[in-house]
Amino acid sequence: MNFAEADGSVAIFDGKTLKGWDGNPKFWRVEDGAIIGESTPKNPSGNNYIVYRDMEAKDFTLRFEIKVEGTGGSGFQYRSKTGLPWLANIADNVTANVGPVNLNWMMTGPQADFWPNSTDWTGQFYSENTPMRILAWRGQVVEGSGMARKQLMGNIGDRKQLASLVKMNDWNEFTVIARGGTCMHILNGQLMAVMVDDDPNSSNNQSGFFGIEIEATTKVYVRNIRVKKIN
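Sequence positions in the sequence shown follow my numbering and run 3 to 233.
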């Protein structure tokens, strides 16, 4: 990726350790310069996150590289909170493997979705652990106001055609730009989704943590994570 300290960004992953990161070691580790999250049938994670605790941000430019193996998926959380009640049901096999849910490792807030095996989800704007859920599909520009309303304002491209830009079992470059109520997701140089939330009290509009998700049977690799923080 062609960015470094000169653009005002800082690395939030040192490529060697999980310094600053907080997650369940049953699922998260570092190998070959990447953060790896892995969930298997013998070691199921359910929705599981690793949280970057050393920075909170509201307005920023985030860049990283990501690839996923397996049938499950991932996503990058931003402006997110931890410790809030978890709304979804947790599968019995996950509880048997992990024990009672640790809310300090569960994230609530905006997510840049990355599910290469799904024809629809990669690049979309998803509100994790809230009733809002999918707010802007890939290919959409959406304006809303928290949970009150949302309106399609325009189209970036066809959702299915944009899926051709997602690299399977290979590194993808992801950029998230967040300024005020506007969030943009860019994958491999292509704008994928724009969400404008006019509600200043919305969970989409709060300063919060960054984090990485794994879900279902999957192995996610993330590297070269840099943030240019505005505030």
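Built from N, CA and C at the ideal position, the CB exists for glycine as well.
Per DSSP, the bridge partner or partners of residue i
i	result
GLN126	Bridge partners of GLN126: none, in fact.
LYS44	LYS44 pairs with nothing; no bridge assigned.
GLN153	GLU145
PRO112	SER129
PHE212	TYR54
ASN174	ILE68
MET197	VAL144, CYS185
LYS223	Before going on, a small fix: residue 223 reads as Tyr here, not Lys. Answer is ILE38, LYS69.
TRP88	Paired residue(s): none; TRP88 is not in a bridge.
Residue i versus residue j: straight-line alpha-carbon distance, rounded
i	j	result
THR219	TRP117	12 angstroms
GLY48	ASP56	25 angstroms
GLU58	GLY210	5 angstroms
GLY191	PHE66	12 angstroms
MET155	ILE14	34 angstroms
LYS44	GLY10	43 angstroms
ASN99	SER76	20 angstroms
GLY39	LEU189	20 angstroms
Nearest-angstrom Cβ-Cβ length linking residue i and residue j, presumed shorter than 8 angstroms
i	j	result
PHE212	GLN79	6 angstroms
VAL12	ARG228	7 angstroms
ASN234	PRO133	Residue numbering for the chain in the displayed model covers 3 to 233; residue 234 lies beyond these limits and cannot be assessed.
ILE232	ASP61	4 angstroms
ILE214	GLY74	Their Cβ separation, rounded to whole angstroms, is 13 angstroms, which puts ILE214 and GLY74 out of contact at 8 angstroms.
ALA93	HIS187	Incorrect: roughly 28 angstroms between the Cβ atoms, too far for contact.
VAL53	TRP107	7 angstroms
Local Cβ density within 10 Å of residue i, reported as buried at 16 or more and exposed below that
i	result
LEU64	buried
THR177	buried
THR84	buried
ARG151	exposed
PRO112	buried
Taking 8 angstroms as the cut-off, does the stretch 68-81 touch the stretch 18-30 (at least 3 CB pairs, one atom from each stretch)? Cβ pair count under 8 angstroms is below three, so no.
At least three beta-carbon pairs within less than 8 angstroms, the stretch 161-176 to the stretch 135-144: At 8 angstroms Cβ cutoff, the stretches touch.
Three or more beta-carbon pairs under 8 angstroms between the stretch 189-206 and the stretch 27-43, yes or no? A contact is defined here as three or more CB-CB pairs under 8 angstroms, and the stretch 189-206 fails this definition with respect to the stretch 27-43.
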